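To start, the structure under review is shown below, and the notes come after it.
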Amino acid sequence: MIIVQTPLRVSLFGGGTDFPAYYRQEGGCVLSTAIDKYVFVTVKERFDDKLRIGYTRTEMVDDVSEVQHDLIREAMRKTGVTRGVEVSTMADIPSAGSGLGSSGAVTVGALHALYGHRGEIVPAEQLARQACEIEIDILGKPVGVQDQYIAAHGGLRWIEMRPDGRICVERAVFDPQLERQLGENLLLFFTGVTRDSASILSEQEANIEETKPVLRAIKDLACQARELAAQGNVDAIGRMLHESWLLKRRLASRITNDPIDEIYQAARRAGALGGKITGAGGGGFMLIYCPDGRRQAVRQALQGLRELPFRFESDGTKVIFNYRR
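Heads up: the sequence shown runs through residues 19 to 343, numbered per this note's numbering.
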């Protein structure tokens, strides 16, 4: 039996510029961090050749082509593990529609666990690249590439996507005290709504030609945030999150709505400097930046919402249990 733990993520800046349709033309960049909330994937050998897949439902099939969970099915095909196993997934949060990169984490975690079942150790870059191939190239999902790379590598990362297709991942150079303060000043609140992000992301992808000026501005803000962080100006990051949110809202029609706007405005009135909806938008989690001394006021203003306490996670996907006869 193999159990793999893969972190979810909070994207801070640059979201949208990681779509291949954009960065293949102009290049993109994101500042993103893994968090200590996880997707767990378990792979166990069966006594027969059947396949059992467990998630919010259970599948029992004879052939990999019959597996309906598309991410697991294609991970099995990619790794060559196509018979005689049980694959199960669990998550610390609602696994669909959270905006915390759960699909990317599931794909990376499934690949990692299935390779582990084969006794193979593969690098994070390969897991991220193959997860992107599954989601974007094989399944044609309208997603970017940051989720898969942050799930594989972990940490607070600067990820640069170049027009030639190369993706460069480096650890963001933050003073440890600054990184700790940034983590303390960021709060996550569940909006109470999980949504199918595909339609929002499809619209966002279809709008790329007309929203290029907005995406350029989002990319510029990501670069500025990286520089300000290196200088130790953590509150400036909060104010720039506000600027970035105002830009992100222009990428697709359903990124925000009245309930989300009300949540954000209540947090700002209570002293938050900035924030954003995580992921595609339309629901999921709201990320709020609160300067020291205003956190309790913001929590009080949003007391009707469930808070998800979190910390930055330095590790990417990893095997936490490996029992082989």
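Each residue gets a CB set at the ideal place from its N, CA and C atoms; glycine is no exception.
Given the structure is predicted, the values throughout are model-derived calculations rather than measurements.
Within the continuous beta strand (DSSP E) that includes residue i, where are the two ends?
i	result
I306	303-307
P227	In the sequence as presented, Pro is not what sits at residue 227; that position holds Glu. Premise fails: E227 is in no beta strand (DSSP E) and is neither H nor E.
I156	Careful: I156 lies outside any beta strand (DSSP E) and carries neither H nor E.
V103	103-109
F31	20-31
L379	In the structure as shown, the chain begins at 19 and stops at 343. Residue 379 is therefore absent and cannot be evaluated.
How far does the alpha helix (DSSP H) with residue i in it reach, from first residue to last?
i	result
A93	88-97
T125	120-135
R313	313-319
Q195	194-203
S116	Here S116 belongs to no alpha helix (DSSP H), and DSSP marks it neither H nor E.
S262	252-266
On a CA-only basis, which of the options is nearest residue i? Give me that one, please.
i	options	result
L269	L30, M19, G34, V22	G34
P25	D193, I168, R180, L204	I168
L30	G334, G297, L129	G297
F58	E44, K68, L265, Y73	Y73
G293	G299, G301, Y282	Y282
G334	I111, D81, E143	E143
E228	Q199, A39, A149	A39
N275	A170, R244, V161, G299	G299
I306	I255, V337, N340, Y341	I255
E331	L49, H130, H171	H171
If I'm right that residue i touches residue j with Cβ under 8 Å, what's the distance once you round it to whole angstroms?
i	j	result
L259	A284	That pair is no contact at about 16 Å.
I218	I156	About 21 Å separates the two Cβ atoms, so there is no contact after all.
R64	F208	Actually they do not touch by this definition, with Cβ atoms about 36 Å apart.
G98	D66	Not really, about 18 Å apart at Cβ, beyond 8 Å.
L118	V211	That belief does not hold up - the Cβ atoms of L118 and V211 are roughly 14 Å apart, past 8 Å.
D110	K55	4 Å
By DSSP, does residue i sit in helix, in strand, or in coil?
i	result
Q43	helix
Y167	helix
D54	strand
V82	helix
E138	coil
P38	helix
R64	coil
I281	helix
R70	strand
E245	helix
L49	strand
L206	strand
Excluding the five sequence neighbours on either side, which residues of its own chain have a C-beta within less than 6 Å of the C-beta of residue i, listed in chain order?
i	result
Q222	L269, A270
L265	V232, A235, I236
M179	D36, Y41, G46, I185
T51	V28, L174, F330
Under 7 Å Cβ to Cβ from residue i, same chain only, skipping five residues before and after it: list those, please.
i	result
S262	F31, I236, L239, K294
I71	E77, V85, H87, I90, V105
L132	V61, A93, M94, T97, V99
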